[in-house]
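As they're listed, the protein sequences go chains U and Y.
Position one of the first sequence corresponds to residue 362 (my numbering), numbered consecutively onward.
Position one of the second sequence corresponds to residue 2 (my numbering), numbered consecutively onward.
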Amino acid sequence: MDTFVSLYEGFAVALTWQNLLLALLGCFLGTMMGALPGLGPANGVAILIPLAFTFGLSAIAALILLTSVYYGAMYGGRISSILLNIPGDEPAMMTCLDGYPMAQAGRAGEALALSGVASFVGAFFATWGLVFLAPLLVQIALLFGPGEYFVLYTLAFATLGGIAATNQAKSAFAAALGIGIAMIGVDTQTGVQRFTFGEVHLYDGIDFLIAIVGLFALSEVFVFLEHRGGREEGKDEAKMKIGRVTPSWKVLRYCTPAMIRSTVLGFLAGVLPGAGASLGSFLAYSVEKQVSDPRSETFGKGDPRGVAAPEAGNNAASGGALVPMLALGVPGSGTTAVLLAVLLTLNIQPGPLLFQNNPDVVWGLIAALFIANFMLLALNIPMVGIFTRVLLVPTHILMPIVAMIAFIGIYSITGSTFELTMMVLFGALGWVLRKLDVPLVPIILGILLGNEMEVNLRRAMTISNGEWTTLFDSWLAIVLWTIAIVGFVLPIFLGKRVKKRMKEAEEEGPLSD
Amino acid sequence: MMSDRVLGGVGLALAVFYAWAATIIPEPFSSDAIGPDGFPMIIAAILGVSSIYFVLKPDPEPQWPSLNRLAEIGFALLVMFAYAQVLPVLGFVFATVIITAYLTWRLGARPLTAIFNGVGTSVGLFVLFELIFGLSLADGPLGF
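Shown next as structure tokens:
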């Protein structure tokens with residue numbers, strides 16, 4: 362019952378005119394960003410964080426705006442998958458498989474409407490899952506001491522690559538790089554300078570927003586420069602004719618079992634460490650194919666269930682991914698890492714204490730997610746035509762604008778040339794690392810969590826008088842270590858196979874989730 | 002093959018440098034069990050070990066862009082650096098017209114379109130962020 366009371370109070374927080382307006386704006390911007398190839402949930406939210414911060418929005422208002430963008434981007438990714446056969450973001454790539462054939466058969470409007478409803482079903486029920494599961498997880502998290510927290514962070518890094526990781530050494534390298542960057546600046550425990558080499562700008566450390574915007578948003582500009590012209594083909598007015606955009610009851614009923622199965626699968630994939638939305642949609646599609654069409658007669662040729670399943674799956678996963686992020690403060694994917702950055706920018710430390718000390722923030726946010734869902738359904742069915750127009754904006758107009766918003770954002774929080782230069786450097790670094798297949802998400806997570814991780818380790822060691830065995834002496838710690846080790850080792854054996862199957866389905870999206 | 006070996010070499014150098022930089026952290030007045038340099042040493046070790054792995058077992062070579070594409074990216078990088086430097090001197094509007102026009106042109110637009118997009122983006126963002134939302138963007142000699 363407590364849960365419903367809290368949720369009710371959450372709605373009281375979220376239902377103000379300003380917050381509703383921000384949610385609507387966020388949903389609109391998010392859908393647009395999701396629809397545009399090259400701008401996904403991670404970099405879309407990333408370039409907006411500094412702006413939300415400098416506009417002086419309250420914590421809850423900024424959160425509502427940015428999580429609406431996050432949910433919106435998850436909805437929007439399907440639009441270009443269906444119309445152009447180009448996934449708007451990586452989780453939407455499975456939607457190409459049956460969405461594009463449907464569009465070619467003249468059923469684009471139907472596919473868009475169906476996937477809109479499927480997105481709604483996935484996200485809506487995943488948000489309910491969040492409501493019930495997060496408080497349970499908080500109960501467990503309250504048992505954690507500093508030692509367990511250190512192990513939990515280790516677990517997050519060990520499993521971040523996910524089951525589809527092909528080279529765990531590169532994940533480890535990226536995590537170490539990120540944590541290493543986090544160490545720069547004043548050591549909070551003793552007050553001494555570390556790795557600053559007398560450079561005044563480094564005394565406060567490197568702001569994680571600079572790294573995120575550089576690595577995620579600016580590196581995308583370099584990718585487009587590299588492939589100039591290559592991604593423009595196929596954009597023409599003719600393909601934007603979508604016809605009637607109303608889902609027929611018959612098709613909806615036909616796809617309902619697929620949506621239910623995929624929502625459950627996607628939610629679980631989102632909650633578990635190292636999975637995330639891409640794997641959620643992949644799992645949902647593969648399982649649905651096994652269940653409904655074992656002899657592959659209709660899947661891949663425009664089966665509506667092949668559109669409903671991955672969309673319900675990826676939106677359910679993005680809701681599920683919020684569970685560990687809010688309850689433990691440990692994100693499991695790139696996009697939730699960016700949302701963690703949002704919280705940290707607003708001086709909110711997610712984790713069990715957040716539920717106790719700032720219940721208004723948690724439940725206001727959850728209420729906002731429900732509201733955003735209904736807004737997105739309304740935006741995405743009748744108004745989908747507006748978003749398909751956006752796809753006609755050529756990349757060479759769009760990418761420079763994205764770059765400039767990134768510059769404005771960082772300049773507005775720092776006002777200094779030094780930080781802008783650093784952001785450009787991160788952009789170039791991001792491009793090189795993406796070329797070398799070094800994942801960027803562990804770097805971001807390292808910069809975000811590195812200091813907390815060290816603080817917890819040192820606290821645990823101080824309590825135990827320097828005995829390292831303290832990291833293994835509770836059953837919770839041992840369970841966490843086991844998951845961490847299995848999560849790190851398993852992809853070494855399975856990663857190549859899973860990756861191959863995902864690749865067979867579709868070539869890689871613009872940014873990993 | 003070669004690219005990963007180079008990455009490994011650079012990573013190894015970085016790990017050694019990082020470990021050295023950790024050793025010169027000044028001794029604090031009061032310290033805890035592992036001190037300010039303990040955790041960075043662990044990080045340096047992970048950097049080093051994974052770098053050695055890249056050298057020993059490199060992944061297949063990625064597809065690097067041709068030399069002129071590489072130069073393209075290099076020039077864009079230079080323009081962005083220059084933008085960061087001249088922003089406080091020229092002011093937001095002028096600096097942004099130049100960089101946006103450059104990027105638009107290099108991403109494949111005709112020069113005239115590029116100039117239009119440069120002016121449009123710059124003025125549009127200025128109106129949106131400075132005049133409507135009240136952020137303070139960099140001021141030039143003319144006050145904008």
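Idealized CB from N, CA, C, for every residue including glycine.
This one's a predicted model, so the numbers in the text were calculated from it and none came from an experiment.
- Annotation for Tyr84(Y): Ala96 and Ile100 place their beta carbon closer than 7 Å to its own, counting only its chain and skipping 5 residues before and after.
- Membership of His757(U) in the alpha helix (DSSP H) is indicated by the continuous run Thr756 to Thr775.
- Put simply, of Ala474(U), Gly467(U) and Met760(U) the residue whose alpha carbon is nearest the alpha carbon of Phe577(U) is Met760(U).
- Note that the region 386-403 of chain U touches the region 741-761 of chain U; at least 3 beta-carbon pairs, one per stretch, sit closer than 8 Å.
- In the DSSP assignment, Arg555(U) forms a beta bridge with Gly546(U).
- In terms of CA proximity to Ile47(Y), Gly539(U) leads the group Leu790(U), Gly417(U), Trp724(U) and Gly539(U).
- When 7 Å is used as the limit between beta carbons, Met81(Y) is near these residues of chain U: Val785, in chain order.
- Per the coordinates, the alpha-carbon of Gly695(U) lies some 12 Å from the alpha-carbon of Pro452(U).
- Here the alpha carbons of Glu73(Y) and Lys796(U) stand approximately 16 Å from one another.
- If you draw a straight line from the Cα of Gly811(U) to the Cα of Ile542(U), it is about 8 Å long.
- Counting only runs of 3 or more residues that sit fully inside the region 804-841 of chain U, no beta strand (DSSP E) segment turns up.
- CA-to-CA, the gap between Ala572(U) and Val612(U) works out to about 45 Å.
- Close CB contacts of Gly575(U) within its chain, under the 6 Å cut and outside five residues either way in sequence, are with Met784, Phe787 and Gly788 (chain order).
- In this structure Ile116(Y) is not in contact with Ala139(Y), their Cβ atoms being roughly 21 Å apart against a cut-off of 8 Å.
- Val668(U) and Val561(U) have their C-alpha atoms roughly 53 Å apart.
- Taking a 10 Å sphere around the C-beta of Gly725(U), we find 16 or more other C-beta atoms and assign the residue as buried.
- Considering only Ala728(U), Pro665(U) and Ala533(U), the residue with the shortest C-alpha distance to Ala472(U) is Pro665(U).
- Across the set Ile846(U), Asp568(U), Leu851(U) and Phe583(U), the C-alpha of Phe583(U) shows the shortest separation from the C-alpha of Arg107(Y).
- Comparing C-alpha distances from Phe414(U) to each of Gly770(U), Phe748(U) and Glu813(U) shows the shortest one belongs to Gly770(U).
- If you compare the alpha carbons of Asn446(U), Glu649(U), Leu683(U) and Thr551(U) with that of Phe493(U), the shortest gap goes to Leu683(U).
- Contact with chain U is found for Trp65(Y), since one of that chain's Cβ atoms lies less than 8 Å from the residue's Cβ.
- Residue-level contact by beta carbon fails for Phe365(U) and chain Y, as no gap is shorter than 8 Å.
- With contacts defined as CB atoms closer than 8 Å, Ala502(U) and Leu707(U) fail to qualify as a contacting pair.
- Put simply, of Leu818(U), Gly477(U), Ile443(U) and Ile408(U) the residue whose alpha carbon is nearest the alpha carbon of Ser773(U) is Ile408(U).
- A contact between stretches requires three or more CB pairs, one per stretch, nearer than 8 Å, and the region 510-519 of chain U fails this requirement with the region 463-470 of chain U.
- At a C-beta separation below 7 Å, Leu8(Y) has these neighbours in chain U: Leu797.
- The criterion of a C-beta distance shorter than 8 Å is not satisfied by Pro720(U) and Ala535(U).
- With contacts defined as CB atoms closer than 8 Å, Ala14(Y) and Met42(Y) fail to qualify as a contacting pair.
- Using a CB distance cut-off of 8 Å, Leu91(Y) does not count as an interface residue toward chain U.
- In this structure Leu129(Y) is exposed. Its beta-carbon is surrounded by fewer than 16 other beta-carbon atoms within 10 angstroms.
- By the criterion of a C-beta distance shorter than 8 Å, Gly12(Y) is surrounded in its chain by Leu48, Gly49, Ser51, Ser52 and Phe55, once the five residues flanking it on both sides are discounted.
- Contacts with chain U at 8 Å (Cβ-Cβ) include Asn118(Y).
- Looking only at Pro402(U), Gly417(U), Asn380(U) and Gln500(U), the smallest Cα-Cα distance to Leu715(U) is reached by Gln500(U).
- Boundaries for Ala139(Y): no alpha helix (DSSP H) harbours it, and the DSSP string shows neither H nor E there.
- By alpha-carbon distance to Leu705(U), the top candidate from Asp459(U), Thr831(U) and Leu809(U) is Leu809(U).
- The C-beta distance from Phe731(U) to Thr624(U) rounds to 15 Å, too long to meet the 8 Å contact threshold.
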